[in-house]
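One structure below.
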Amino acid sequence: MRTLLPSFLSFFIGLFLVPSLHAEAPAVHAETVPAGPGKAEVISRLEAGNAAFVKGKAVKVDISAKHRTELAGGQHPWCTVLGCADSRVPPEVLFQTGTGDLFTVRVAGNVAEPSTIGSVEYASEHLGSQVVVVLGHESCGAVKAAQGAGSLGPNLDTLLGLIRPGIAGAADLDAAVRANINAQIAALRANSAILTELEHQGKVTLLGARYDLDTGKVEWVQN
Ligand SMILES: [Zn+2]
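With our numbering applied, the sequence shown covers 1009 to 1231.
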């Protein structure tokens, strides 16, 4: 006790004396963020919305002024989607969701690079989103282009360079699409200490999904 008590006291006093030190610490979830629904509930909502979409039955989305003004006060999206920019693959339509539901990050080939990873981190750490879906799709043009070796200019080459390593050895385009989904999930983990820590704490789940252009169905991809 002779050694414990002083150290406890100095720690306790330190809490008040060095608040700036605490503010600068790279702590995950340093602020109070209301946690969104967990994995099971999010999967249930996404599957129900997609099932309605497949049937061509629109779910009634709240577009009232009341809902809009409520959201103006703050957002708590219940799922984050890192999806392809392809015009045929809009997450809000595929999952029949409304404003304030999905934190959607879209880029050709659904690639995880600093700006998209940062966006996913923001939703996970500051908005309470507990599930991240990396959404690829059938016949992805970006993945197909990455299967080729030619140059498409410096910007597209940079983008394709983020896809190529993950799809090496894929037997065909669809195998490459699936490999790219898993490669981008791996890239999220490898390049984000924040997401890795949140996943370790059970506060974030990373899921892969593939959208079928013909059937409209979104299937889960094992990662
Ligand atoms: Zn695509």
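A virtual CB, placed ideally from N, CA and C, is assigned to each residue, including glycine.
Proximity to GLU1129 across HIS1075, GLN1155, THR1213 and VAL1185 peaks at THR1213, based on C-alpha coordinates. Secondary structure note for HIS1134: its alpha helix (DSSP H) is the uninterrupted segment 1122-1134.
The beta carbon of ALA1187 sits closer than 6 Å to those of GLY1174, ILE1175 and ALA1178, all from its chain and outside the five residues before and after it, given in chain order. The beta carbon of LEU1079 is closer than 7 Å to those of THR1107 and GLY1108 in its chain, skipping five residues each way along the sequence. In this structure, DSSP gives ARG1186 a helical state, which the three-state scheme calls helix.
Contact holds between the stretch 1114-1121 and the stretch 1152-1172, because three or more Cβ pairs, one in each stretch, are under 8 Å apart. Nearest Cα to PHE1061 within the set THR1040, LEU1102, VAL1229 and ALA1195: LEU1102. At a threshold of 7 Å, ASP1109 does not count as near ligand 1, since its beta carbon sits no closer than that to any of the ligand's heavy atoms.
Around the Cβ of ASP1222, a 10 Å sphere holds fewer than 16 other Cβ atoms; the residue is exposed. The Cβ neighbour count for LEU1160, taken over all protein chains shown within 10 Å, is under 16; the residue is labelled exposed.
Between the C-alpha atoms of HIS1084 and GLY1057 there is a straight-line separation of about 19 Å. Between VAL1113 and the set LEU1090, ALA1066 and GLU1100, the nearest pair of CA atoms involves LEU1090. Taking the C-beta atoms as reference points, ILE1171 is found nearer than 8 Å to VAL1151. Ranked by Cα distance from VAL1041, the options GLY1158, GLY1136, THR1105 and ALA1194 are led by GLY1136. DSSP, reduced to helix, strand and coil, places GLU1227 within a strand of the structure shown. DSSP lists VAL1089 as the beta-bridge partner residues of THR1112. Residue ranges of uninterrupted alpha helix (DSSP H) with 4 or more members, entirely inside the stretch 1154-1211 and ordered along the chain, are 1162-1169, 1172-1175, 1181-1199 and 1201-1208.
A direct Cα-to-Cα measurement between GLY1044 and CYS1087 gives close to 8 Å.
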